[in-house]
Amino acid sequence: MIATNYNPKASEEKWYKYWMDHKLFHSEVDNSREPYCIVIPPPNVTGVLHMGHMLNNTIQDALVRRARLLGKNACWVPGTDHASIATEAKVVGKLQSEGIKKTDLTRDEFLKHAWDWTHTHGGIILKQLKRLGASCDWDRTAFTMDKERSESVLKVFVDLYNKGLIYRGVRMVNWDPKALTALSDEEVVYKEEHSKLYYLRYKIEGEDGYALVATTRPETIMGDTAMCINPKDPKNQHLRGKKVIVPLVGRTIPVIEDEYVDIEFGTGCLKVTPAHDVNDYMLGEKYHLPSIDIFNDNGTISEQAGIYVGMDRFDVREQIEKDLQAAGLLEKVEPYTNNVGFSERTNVPIEPKLSMQWFLKMEHLAEIALSPVMNDDIRFFPSKFKNTYRHWMENIKDWCISRQLWWGHRIPAWYLPEGGYVVAYNEEEALRLAREKSHNSNLTIADLRQDEDCLDTWFSSWLWPISLFDGINHPGNPEINYYYPTNDLVTGPDIIFFWVARMIMAGYEYEGKMPFKNVYFTGIVRDKLGRKMSKSLGNSPDPLDLIDKYGADGVRVGMLLCAPAGGDLLFDESLPEQGRNFTTKMWNAFKLVKSWEVASIDQPAHSRLALEWFNHLLGKVNETLNTQFDQYRISEALMTVYTTFRDEFSSWLLEMIKPAYGQPIDRKTYEETLNVFEQLLQLLHPFMPFITEEIWQTLRERQDGESIMISRLPKATSYDESYLLRFEAVKNIIVGIRNIRKQNNIAFKDVLELKVKKNERYPASFDSIIRKMGNIGQIGLVNEPVKGAWSFIVDTVEYFIPAQGEVNTAEVKAKLEEELNYTRGFLTSVMKKLSNEKFVNGAPEQVVANERKKQADAEVKIAAIEAQLKGDIQ
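Everything in the sequence shown is counted per the UniProt record's numbering, starting at 1 for the first residue and increasing by one.
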């Protein structure tokens with residue numbers, strides 16, 4: 001017994017369990033089949049599903065499920081990222097709520113808490129992805145800090161160090177005062193801020209005058225070690241060779257000259273604070289200036305500053321303005337808008353800071369990873385992101401790979417008692433190297449001290465496509481040889497530098513080839529007002545609530561209907577509601593087909609023709625879908641099959657073949673209908689896995705273990721475009737007949753007569769369909785327009801229905817004039833296009849030919865309507 005209404009929740013639970021029980025997501029090396037592989041962008045291990053994940057993983061699942069239907073050995077590898085900064089911050093917060101400080105714990109004690117947190121909260125997001133229908137090979141679930149991935153990270157670090165690509169040194173870095181760690185340049189987000197420009201008076205030593213300096217950061221004056229002017233600046237020539245006194249601090253500093261200084265900014269005088277500004281640091285290096293670090297790691301003022309010690313940097317900014325004013329050392333304050341760098345992870349302003357860190361040289365890696373993308377060996381969709389990629393690669397800086405955290409891969413470097421260090425994969429190797437380096441065979445591991453820092457999280461995820469198949473630990477193993485390079489990567493453009501580019505680098509460095517062939521960049525999910533969805537704005541729905549309300553298939557359809565590659569998605573709840581309504585449409589079509597009684601009777605001509613048309617249409621739809629998937633136009637692909645089912649299958653085919661009330665359907669038509677229904681379900685399955693499985697399993701008898709997911713799409717069939725065009729005319733004729741019935745309140749049970757003015761474009765071979773769908777008794781050909789009849793024109797052919805009663809000629813004339821005006825307007829737009837030489841000479845030949853055909857058809861139609869209006873209506 002088929003349920004009256006489709007129950008998404010019951011279907012989702014039933015079929016996901018069925019797929020898992022039969023291991024239908026699992027993939028093993030099979031050299032007789034073509035592999036298709038996607039690696040999941042690993043979400044944070046303690047994260048939860050948000051709308052961006054929903055979009056990204058729905059697209060991945062659609063690609064993977066389609067690959068299975070094409071007979072490929074599909075492998076979608078899931079996993080999570082340990083997310084050093086985010087996870088450590090959560091653990092520290094939890095400990096603080098319990099009255100425990102991180103500094104009160106040993107590293108091992110803290111890591112125990114971190115692992116407990118990870119085991120408690122980790123993997124929630126993967127369970128949530130199952131609700132969405134994600135067909136990942138869960139047997140392969142990986143974690144960036146599991147054994148295989150951790151070993152891979154350490155081996156790569158040692159290898160790159162031995163190649164001379166990793167080094168340690170004091171450099172200016174981006175410091176996160178909240179997370180207490182260095183960040184790479186890519187982890188800094190710049191935001192426009194309305195701040196102030198402070199004009200400070202630096203007294204000239206030995207003179208009554210002073211130099212004015214404009215700065216947005218007066219709290220850094222305690223670190224000033226020089227003032228710089230441009231030697232070409234006429235207004236500051238009087239300062240050449242002089243010294244000035246830092247306000248409030250009282251320290252005398254030299255005036256240096258360098259063309260780096262912008263003459264137009266502020267007063268043309270620049271305070272130089274080498275420890276707290278990247279550009280000042282370079283000036284300090286160039287002119288051998290001392291460097292005074294005035295900030296503690298947490299953003300408070302250090303003892304080196306001498307004043308304001310222990311105060312927060314932003315509190316100092318407020319206080320110093322008052323103190324400068326009181327001391328007569330503040331000329332003026334102006335409003336000023338500038339870009340301020342914020343930590344991507346903690347959203348606090350970063351502090352440029354000199355720090356001893358580990359760096360990876362990027363020049364060589366960027367060089368090997370640039371041309372494959374520029375040459376389209378690796379294809380970007382949309383391709384506009386190639387320019388973003390090239391700009392970053394051509395302006396690349398060394399990657400700061402160390403983080404002052406405990407949660408992560410600890411840097412495999414050990415410091416010797418007498419100074420210096422060794423880099424090794426493990427303690428045993430470190431001890432061997434240390435003994436060699438120090439020429440001391442009595443050294444023990446207790447004499448060595450391992451580096452306290454851990455590696456940037458991205459240093460593990462850049463190896464993801466290789467490490468998932470253990471390619472670092474076991475090069476050339478059967479899995480890496482079979483699944484690598486992977487096929488597609490689906491990700492957001494915001495991590496093109498963090499992850500995409502670095503995976504390409506690692507791929508060419510360690511496998512000598514690309515890590516993936518295609519990169520599909522999703523857009524940002526925004527609300528209908530265009531705002532980025534976020535918890536803080538309260539405009540982001542809970543994805544699981546949406547699934548509960550609209551079903552997983554409904555939500556998937558809603559997400560994909562408005563998700564062009566690289567384009568932002570404007571989301572509101574009408575979209576998953578539209579998806580849910582479509583599942584109802586599918587279920588109703590299923591119920592209708594299964595309600596028919598089947599009998600061994602002859603197939604009617606109208607059913608034969610209808611199915612013949614639909615099979616031609618399926619041939620075209622399959623060709624269109626292949627192109628759309630090849631070009632990663634996933635949203636368009638869904639719309640293609642969505643409208644085919646909704647409009648062509650449900651609204652046309654089923655109506656054409658539906659038996660009369662109380663009558664059976666012939667067996668041939670029924671079987672062919674099941675065939676096309678199955679094909680449509682297969683085409684829809686990548687987008688709507690649950691309802692397609694539910695219907696497919698019930699359409700026919702199935703064996704245990706069978707699934708639409710592993711059924712094979714039929715081979716592409718040829719189709720006749722001219723045949724499809726003729727059938728479009730048939731549909732328009734039926735619409736014309738129905739319009740006349742509606743306009744004149746003629747019930748469908750009333751049989752009408754149709755007269756056709758002779759024209760070779762009349763699709764006479766489809767008379768049986770026109771008669772059934774329009775309830776037409778007879779169709780006759782005429783040489784002249786029929787007097788006293790309702791009329792309409794389709795594809796330049798005139799049709800007449802003899803009136804049942806008196807014809808309202810004024811109304812008919814008004815409708816003909818309305819159609820005439822529309823057709824004239826249409827012809828004008830076509831002629832405008834054809835009169836454009838650029839279009840005619842530049843467009844493909846077929847496109848121009850189509851426009852000329854539109855012109856000819858419109859001209860014939862105008863002539864026919866004008867002929868009727870001249871006196872053929874009475």
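Glycine included, each C-beta is placed from N, C-alpha and C at the ideal position.
Proximity test, Gly-507 beta-carbon vs the ligand COA heavy atom, cut-off 6 Å: For the ligand COA, the structure offers nothing, since it holds no ligand at all.
Cut-off 7 Å between Cβ atoms - residues of its own chain near Pro-417, not counting five sequence neighbours on either side: One-based indexing of the sequence shown puts residue 417 at position 417. Closer than 7 Å at Cβ, skipping near neighbours: Asp-447.
Close Cβ partners of His-606 (< 7 Å) along its chain, the five nearest in sequence each way excluded: Within the sequence shown, residue 606 is the residue found at index 606, counting from 1. For His-606, same chain residues with a beta-carbon under 7 Å away, outside a window of 5 residues either side, are Met-656, Ser-768, Ile-769, Lys-772 in chain order.
Separation of Leu-529 from Arg-65, as counted between CA atoms: Position 65 of the sequence shown holds residue 65. Position 529 of the sequence shown holds residue 529. In this structure, the straight-line span from the alpha carbon of Arg-65 to that of Leu-529 is close to 33 Å.
Residue interval of the alpha helix (DSSP H) (run including Ala-849): Numbered from its first residue, the sequence shown carries residue 849 at position 849. Residues 845–867.
Residue range of the unbroken alpha helix (DSSP H) whose run includes Val-786: In the sequence shown, residue 786 corresponds to position 786, counting from 1. No alpha helix (DSSP H) holds Val-786; DSSP gives it neither H nor E.
Rounded straight-line distance, which links the Cα of Val-173 to that of Asp-262: To locate residue 262, count along the sequence shown from 1; it is residue 262. To locate residue 173, count along the sequence shown from 1; it is residue 173. A straight line joining the alpha-carbon of Asp-262 with that of Val-173 spans about 24 Å.
Residues sharing a beta bridge with Gly-341, DSSP: Here residue 341 corresponds to residue number 341 of the sequence shown, with the count starting at 1. DSSP output for Gly-341 lists Tyr-190 as bridge partner(s).
Length of the line joining the Cα atoms of His-685 and Cys-400: Residue 685 sits at position 685 when you count from the first residue of the sequence shown. Residue 400 sits at position 400 when you count from the first residue of the sequence shown. Their backbone Cα atoms lie some 45 Å apart in a straight line.
Rounded straight-line distance, which links the Cα of Arg-700 to that of Thr-46: Residue 46 sits at position 46 when you count from the first residue of the sequence shown. Residue 700 sits at position 700 when you count from the first residue of the sequence shown. Cα to Cα, the separation comes out at about 43 Å.
Continuous beta strand (DSSP E) stretch holding Gln-357: start and end: The count along the sequence shown starts at 1 and reaches residue 357 at position 357. Per DSSP, the continuous beta strand (DSSP E) segment holding Gln-357 begins and ends at 351–360.
Simplified DSSP state of Ser-195, which is helix, strand or coil: Sequence index remark: in the sequence shown, residue 195 carries index 195 (1-based). Reduced to three states, the DSSP call for Ser-195 is strand.
Same chain only: Cβ atoms within 6 Å of Leu-443, ignoring 5 sequence neighbours per side: Within the sequence shown, numbered from 1, the residue matching residue 443 stands at position 443. These residues qualify, in order along the chain: Ala-434, Arg-435.
Met-688 to Ser-718 span [Cα, whole Å]: Taking the first residue of the sequence shown as position 1, residue 688 is located at position 688. Taking the first residue of the sequence shown as position 1, residue 718 is located at position 718. Answer to the nearest angstrom: the Cα atoms are 26 Å apart.
Status (buried if at least 16 other CB within 10 Å, exposed otherwise) for Gln-874: For the purposes of this step, residue 874 is taken as residue 874 along the sequence shown, with counting starting at 1. Any reading at Gln-874 must be qualified, since the residue scores a pLDDT of 39, below 50, and its modelled position is unreliable; the value itself is stated next. Taking every protein chain shown into account, the CB of Gln-874 has fewer than 16 other CB atoms within 10 angstroms, so this residue is exposed.
Contacts around Tyr-670, its chain only, beta-carbon distance under 7 Å, and the 5 residues preceding and following it disregarded: Residue 670 sits at position 670 when you count from the first residue of the sequence shown. Taken in chain order, the residues that qualify are Trp-596, Val-598.
Coil, strand or helix - Phe-687 by DSSP: Mapped onto the sequence shown, residue 687 falls at position 687. If DSSP states are grouped into helix, strand and coil, Phe-687 belongs with coil.
Inter-stretch contact (C-beta, 8 Å, three-pair minimum) for the segment 203–219 and the segment 259–279: The segment 203–219 is in contact with the segment 259–279.
Ser-135 versus Tyr-260 - alpha carbon distance: For the purposes of this step, residue 135 is taken as residue 135 along the sequence shown, with counting starting at 1. For the purposes of this step, residue 260 is taken as residue 260 along the sequence shown, with counting starting at 1. Looking at the two C-alpha atoms, the distance is approximately 56 Å.
Cβ-based burial, Gly-408 [other Cβ within 10 Å; buried from 16]: Counting from one through the sequence shown, the residue named residue 408 turns up at place 408. Only buried fits Gly-408, as 16 or more other CB atoms lie within 10 angstroms of its CB.
As assigned by DSSP and simplified to three states, the class of Ile-2: In the sequence shown, counting from the first residue as 1, residue 2 sits at position 2. Note: Ile-2 maps to coil in three-state DSSP.
Which of helix, strand or coil DSSP assigns to Glu-334: For this step, residue 334 is matched to residue 334 along the sequence shown. In the three-state scheme derived from DSSP, where H, G and I count as helix and E and B as strand, Glu-334 is classed as strand.
For Lys-155, the three-state DSSP class (helix, strand or coil): The count along the sequence shown starts at 1 and reaches residue 155 at position 155. Helix.
Distance between Thr-522 and Gly-558 (C-alpha atoms, nearest Å): Indexing the sequence shown from 1 puts residue 558 at position 558. Indexing the sequence shown from 1 puts residue 522 at position 522. Straight-line spacing of the CA atoms in Gly-558 and Thr-522 works out to 15 Å.
Ile-634 burial status per 10 Å Cβ neighbour count (16 or more: buried): Taking the first residue of the sequence shown as position 1, residue 634 is located at position 634. In summary, Ile-634 is buried, with 16 or more beta-carbon neighbours lying within 10 Å of its beta-carbon over all protein chains present.
Extent of the continuous beta strand (DSSP E) run through Arg-526: To locate residue 526, count along the sequence shown from 1; it is residue 526. Counting along the chain, the beta strand (DSSP E) containing Arg-526 begins and ends at 525–527.
Alpha helix (DSSP H) segment containing Thr-87, residue limits: Here the question's residue 87 lines up with position 87 in the sequence shown. Where Thr-87 is concerned, the enclosing alpha helix (DSSP H) stretches over 84–97.
Of the residues Leu-180, Thr-106, Lys-94, the one placed nearest Thr-120, counting alpha carbons only: Within the sequence shown, the letter at position 120 stands for residue 120. Closest in C-alpha terms to Thr-120, from the list Leu-180, Thr-106, Lys-94, comes Lys-94.
Backbone CA spacing between Pro-290 and Pro-274 [nearest angstrom]: To locate residue 290, count along the sequence shown from 1; it is residue 290. To locate residue 274, count along the sequence shown from 1; it is residue 274. One C-alpha to the other measures close to 8 Å.
Neighbour-count burial assignment, Val-847, 16 or more Cβ in a 10 Å radius: The residue labelled residue 847 in the question sits at position 847 within the sequence shown. Counting C-beta atoms within 10 angstroms of its own C-beta, Val-847 has fewer than 16 neighbours from the protein chains shown and is therefore classed as exposed.
Beta strand (DSSP E) segment containing Arg-531, residue limits: Counting from 1 along the sequence shown, the entry for residue 531 is found at position 531. Arg-531 -> no beta strand (DSSP E), and no H or E assigned at all.
Beta-bridge pairing of Glu-798 - partner residues as DSSP gives them: The sequence position of residue 798 within the sequence shown is 798, counting from 1. According to DSSP, residue pairing for Glu-798 in a beta bridge involves Ile-793.
Alpha carbon of Ser-711 to alpha carbon of Leu-653, nearest angstrom: Taking the sequence shown and counting its residues from 1, the one referred to as residue 711 is at position 711. Taking the sequence shown and counting its residues from 1, the one referred to as residue 653 is at position 653. Going by the C-alpha atoms only, they are around 24 Å apart.
Per-residue DSSP class, three states only, for Ala-226: To locate residue 226, count along the sequence shown from 1; it is residue 226. Strand, per DSSP.
contact_flag[the segment 73–84, the segment 24–35] where n(CB pairs < 8 Å) is 3 or more: Cβ pair count under 8 Å is three or more, so yes.
Per-residue DSSP class, three states only, for Ser-765: For the purposes of this step, residue 765 is taken as the residue at position 765 of the sequence shown. In the structure shown, Ser-765 sits in a helix (DSSP, three-state: H, G or I).
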